[in-house]
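See structure below.
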Amino acid sequence: MAVKITKPEINVREKLSELDKPSGIAGEAMLRAETPQEQFNLIGAGRRNILINGDFQVSQRGDYSSASSLSEADYFVDRWRTRNSSSMTATKTHSTRKVTLNQTSAGTGSIRIDQKVEIMDNEQYTDKYMTLSADVKSNDSNARIAVYHQGWDPNNTQHSGSGGWERLTLTFWTGTLVTGNEFSIQIGIDGDSSANVPIAAGAYIEIKNVQLEFGKVATPFEHRSYGEELALCQRYYQTMDFTGPHLGVVIRASGAGSGLPYNYFGFPVTMRSAPSLSTSGTFNSGSEYAGTPSGYELTNTAVTLRGNNGNISAGGSQFIRGGSVLLDAEL
Amino acid sequence: MFNKSEEENTIYCSTHNQWIPLNPANRHYQEVLDAIIAEGADCFTGDIPAELQAAADAKLFAQQVEAYKTASARLEQYQLSVGVPESSETIVTGQVWNEEAFEMEDVTETFVTPAIEPLEATVEVTSYDIDTDTTITETVPNPLIVKDDEERTAAQDIINNTPQAVKDHVDGV
Chain A
88 MAVKITKPEI
98 NVREKLSELD
108 KPSGIAGEAM
118 LRAETPQEQF
128 NLIGAGRRNI
138 LINGDFQVSQ
148 RGDYSSASSL
158 SEADYFVDRW
168 RTRNSSSMTA
178 TKTHSTRKVT
188 LNQTSAGTGS
198 IRIDQKVEIM
208 DNEQYTDKYM
218 TLSADVKSND
228 SNARIAVYHQ
238 GWDPNNTQHS
248 GSGGWERLTL
258 TFWTGTLVTG
268 NEFSIQIGID
278 GDSSANVPIA
288 AGAYIEIKNV
298 QLEFGKVATP
308 FEHRSYGEEL
318 ALCQRYYQTM
328 DFTGPHLGVV
338 IRASGAGSGL
348 PYNYFGFPVT
358 MRSAPSLSTS
368 GTFNSGSEYA
378 GTPSGYELTN
388 TAVTLRGNNG
398 NISAGGSQFI
408 RGGSVLLDAE
418 L
Chain B
2 MFNKSEEENT
12 IYCSTHNQWI
22 PLNPANRHYQ
32 EVLDAIIAEG
42 ADCFTGDIPA
52 ELQAAADAKL
62 FAQQVEAYKT
72 ASARLEQYQL
82 SVGVPESSET
92 IVTGQVWNEE
102 AFEMEDVTET
112 FVTPAIEPLE
122 ATVEVTSYDI
132 DTDTTITETV
142 PNPLIVKDDE
152 ERTAAQDIIN
162 NTPQAVKDHV
172 DGV
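Chains A and B are the protein sequences, given in the same order.
For the first sequence, this note's numbering begins at 88 and goes up steadily by one.
For the second sequence, this note's numbering begins at 2 and goes up steadily by one.
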C-alpha cells in the first residue's frame, strides 16, 4: 500500500531573513563562544574587583568628612593612602563613597591616593593583561589614573580637566610581579610617571568606584556589601573598641604571684601579618582598671594584651575601658 | 626611638606609641630594621637585641647585593664616548670526515660583530633670542655622553663602596 506524506512549504528566503538578528559585536562574540567559560570571560562574570574598598565604603581609622591636610604615605579610608610629593598644601575629604583631593595653594608636585595590591604568589599577577578603571571628576587635565608595578607603567589615562565626571580606563601588561614586589594603583593630579607638575590653587580631583580587574576590558563597577567589604579590610586593619559600655578583662593567673594582668583576644578576621598595635583615646586608670594596654604578643590571629596599671595579686582581674586598640597589618 | 623589654615579645616605638611584632611581613618591623641600618644604636634605648641586629645586617647585605649587581650591569654596557670595536668569534658548528687525514675535523664559522662608533663628543645647540632677533649657535658637550658618564660614575662609586664580602658573594669567590 502506498503512503503519501505531505510537508508544509518552507519559504527559505523568509527563514534566512529571520536569522538576520540585530545583534552587535558583543552579541556575535557571545554566539561564537564555544564554551560557557568563554562566555563567562566575555561578560566579565564572577568576582572581578581586585581592589578592596574601591567605593570607599569602609573607614575604620576615623571620620574624614571634614577636609584635613594631605600627608605623604598616610593611610586614611581603609586600604587607601594619600601621597603628597614636595609637601604640597592640599586637603583630603571623604564623603559617601567618594574621596576628594583639593589643592589649597599653588605649587609643583603631585597629590594622589594609592592602594597597594597584595601579591600572594609569583603566578597571581605575572604576565597578565589587567584593566584599571575609575570615575574621576576634575578641573585639572593632569588628573590621571596610573599603575606602578616594579616601576611606573609607561601608560596612564588623563582626565580632560573639563570639571565633569569621566570614566577613565587603563589597560596594561603586568610583566613579572612576584611576592615582595610593589604593585599599586595611583589616582590623582600627577605627571607622567609621577613627575611633578604645577598645580593651581583650587585644583581638585574627585574619585569614585575604582576597579582593577583581569582582562583588556573595563566592566561595570562591582558593588559589594558593606559587611563583605569590611571583612576584606580587616585583613589589613582592625580596631578593638573598649569605649562606652565595652569592657575588656585582663587577669592574673592564680598561682602566678602578683604582677601585671594579661588576656588573649582573637581577631574576627585573620590579618595579613602580625599587626602593629597602637592605642587611641584615654583608658581608665582607677584601681579596677588596667590603664592603657600594651601588646605583649602579636600574631595574625590574636593579640595578648597586658594591663599596665601596676601589679595585681594572683587570681585578680582588671577591666580595660575607655579607649581603642588599633591593629595595623597594611602593606 | 625603639626598645624591647624582656617581658614583651614586641618592640615598642616611643615616637609613635606603637608595639611592633617581630615579624618580617610587618611594615613597621621593616622600618625598625631600616632605622638600625641608618642610625645604629642611636635609634634604640639600651642595646639592640642580637636577633634584631642580625636581621638588620641581613637586610643591609641583601640591599648591597642588589645594588652591586645593578651597578655592575650598568658598567658592563659600552661607554657611549668610546664605542665598541669590531669583534669576531669563531665557533665549531660541526665535524666532517677528512679523507686524506683519515680523521674527523671541525667545521668552524666566524661571526663578526660590527663596531659601534663613539658618539660625537659635542653637539651644536641653536637658540633664538626674540629680543635681539638673533640666532645663537653654541657647541656643548653631547648630553647623551654626559648622562652616560654620570651614570657610570655613580655605578663605579657603588662598586667602590661595596664591602668585599658582598662582592665575593656575588662574584662567587
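Using N, Cα and C, we set each Cβ at its ideal position, and we do this for glycine too.
Span separating the alpha-carbon of residue i from that of residue j
i	j	result
A/Gln147	A/Thr326	7 Å
B/Asp132	B/Pro144	27 Å
A/Glu125	A/Thr306	16 Å
A/Met358	A/Asn387	5 Å
A/Tyr291	A/Ile232	14 Å
A/Gln144	A/Ser156	21 Å
A/Val234	A/Lys179	21 Å
B/Val174	B/Val83	31 Å
A/Leu255	A/Arg184	17 Å
A/Gly346	B/Leu53	28 Å
A/Ser404	A/Pro348	7 Å
A/Val204	A/Ile137	8 Å
B/Glu238	B/Leu76	The structure shown has nothing for residue 238 of chain B, since chain B only spans 2 to 174.
Same chain only: Cβ atoms within 6 Å of residue i, ignoring 5 sequence neighbours per side
i	result
B/Val113	Ser89
A/Glu384	Thr391
A/Asn371	Arg408, Gly409
A/Ser280	Trp239
Cβ pair residue i, residue j closer than 8 Å
i	j	result
A/Ala221	A/Ile276	no
A/Ala287	A/Ala193	yes
A/Ile139	A/Leu319	yes
A/Ser365	B/Gln31	no
B/Ile175	B/Val147	Because chain B is modelled from 2 through 174, residue 175 of chain B falls outside the range shown and cannot be assessed.
A/Gln273	A/Asp201	yes
B/Tyr129	B/Thr136	yes
A/Arg135	A/Glu300	yes
A/Asn189	A/Thr266	no
When the options are compared against residue i, the one with the closest alpha-carbon
i	options	result
A/Gly394	A/Thr187, A/Thr369, A/Ile338	A/Ile338
A/Phe329	A/Gly409, A/Gln190, A/Val186	A/Gly409
A/Ser158	A/Asp150, A/Ser174, A/Arg166, A/Asp165	A/Ser174
A/Ser247	A/Leu257, A/Thr258, A/Leu129, A/Ser225	A/Ser225
A/Asp150	A/Arg119, A/Tyr376, A/Val186	A/Val186
A/Val223	A/Met117, A/Gly141, A/Asn209, A/Ser152	A/Gly141
A/Ser367	A/Tyr324, A/Asn396, A/Val412	A/Val412
Any non-hydrogen atom of the ligand ATP closer than 7 Å to residue i Cβ
i	result
A/Asp227	For the structure depicted, the ligand ATP is absent and the ligand set is empty, with no information on it obtainable.
Neighbour flag for residue i against chain A, beta carbons, 8 Å
i	result
B/Ile21	yes
B/Glu9	yes
B/Ala68	no
B/Arg28	yes
B/His17	yes
B/Asn4	no
Same chain, Cβ closer than 8 Å to residue i, neighbours up to 5 away in sequence not counted
i	result
A/Val284	Thr195, Gly196, Ser197, Asn229, Ile276, Asp277, Gly278
B/Glu40	none
A/Ala389	Tyr351, Phe352, Gly353, Phe354
Own chain, CB closer than 7 Å to residue i, minus 5 neighbours either side, in chain order
i	result
A/Tyr212	Ile206, Thr261, Leu264, Phe270
A/Met117	Gln126, Leu129
B/Gln65	Thr163, Pro164, Val167
A/His342	What sits at residue 342 of chain A in the sequence shown is Gly, not His. Around A/Gly342: Ala401.
Residue i at chain B interface by Cβ criterion, 8 Å
i	result
A/Ser365	yes
A/Ser381	yes
A/Ser411	no
A/Leu419	Residue 419 of chain A lies beyond the range of chain A shown here (88 to 418); nothing can be said about it.
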